[in-house]
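Trainee:
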Amino acid sequence: MIESTLPLKGAELDLLIVMKRTSDRPRPAMPATVWVQVEVADSPHLIERFTALFNSHEMNIAELVSRTQPAEGDKAAQLFIQITAHSPASQNSANIEQAFKALCTELNAQGSINVVNYSQHDEQDGVK
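Using my numbering, you'd call the opening residue of the sequence shown number 349 and step up by one each time.
#1: Report, in whole angstroms, the separation of the C-beta atoms of Glu406 and Ser435, which I expect to be a contact under 8 angstroms.
#2: Taking 8 angstroms as the threshold, find out whether the segment 358 to 368 comes into contact with the segment 396 to 405 through three or more Cβ pairs.
#3: Spatial neighbours of Ala424 within its chain, please: CB distance less than 6 angstroms, with the 5 preceding and 5 following residues excluded, ordered by chain position.
#4: Starting from Gly459, follow the alpha helix (DSSP H) in both directions and report where the run begins and ends.
#5: Please report the distance separating the alpha-carbon of Gln458 from that of Asn465.
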């Protein structure tokens with residue numbers, strides 16, 4: 349079992365590993381999924397700003413990937429962010445889209461957003 353090998357591996361790699369046994373619980377419906385990609389000049393707290401945006405719209409972040417490209421010549425270091433988030437509530441997707449675009453404008457970032465509302469998508473396919 350993995351639980352028995354983690355403490356040894358943690359000691360070997362000088363890592364602090366915290367484990368907690370959890371149990372299954374019903375998952376709420378997630379009728380909307382949002383995918384975003386952002387490219388912006390790197391500076392502190394940028395990822396925090398984008399995660400706070402999703403939190404303020406009561407969205408659950410399922411995946412976050414970030415990487416930096418070091419500065420080259422006169423071009424500043426760049427930060428690339430990809431986020432996938434799910435919404436447990438049926439919200440107007442225009443709200444998160446407008447807020448995302450406003451944040452990108454404020455931070456002088458290039459960003460794209462794609463929102464899929466599964467309940468609308470399923471109804472169009474004849475599935476309810």
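Ideal Cβ positions, reconstructed from N, Cα and C, are used throughout, including at glycine.
Mentor: With the given structure in hand:
#1: For the purposes of this step, residue 406 is taken as residue 58 along the sequence shown, with counting starting at 1. For the purposes of this step, residue 435 is taken as residue 87 along the sequence shown, with counting starting at 1. Indeed they touch by this definition, with Cβ atoms about 7 angstroms apart.
#2: Judged by Cβ distances under 8 angstroms, the segment 358 to 368 makes no contact with the segment 396 to 405, as fewer than three pairs qualify.
#3: As a first step, residue 424 is located in the sequence shown; it is residue number 76 there, counting from the start. Around Ala424: Ala389.
#4: Indexing the sequence shown from 1 puts residue 459 at position 111. Per DSSP, Gly459 belongs to no alpha helix (DSSP H); it is in the beta strand (DSSP E), Gln458 to Asn465.
#5: What you label residue 458 is simply residue 110 of the sequence shown in a count that begins at 1. What you label residue 465 is simply residue 117 of the sequence shown in a count that begins at 1. Gln458 and Asn465: Cα-Cα distance of roughly 24 angstroms.
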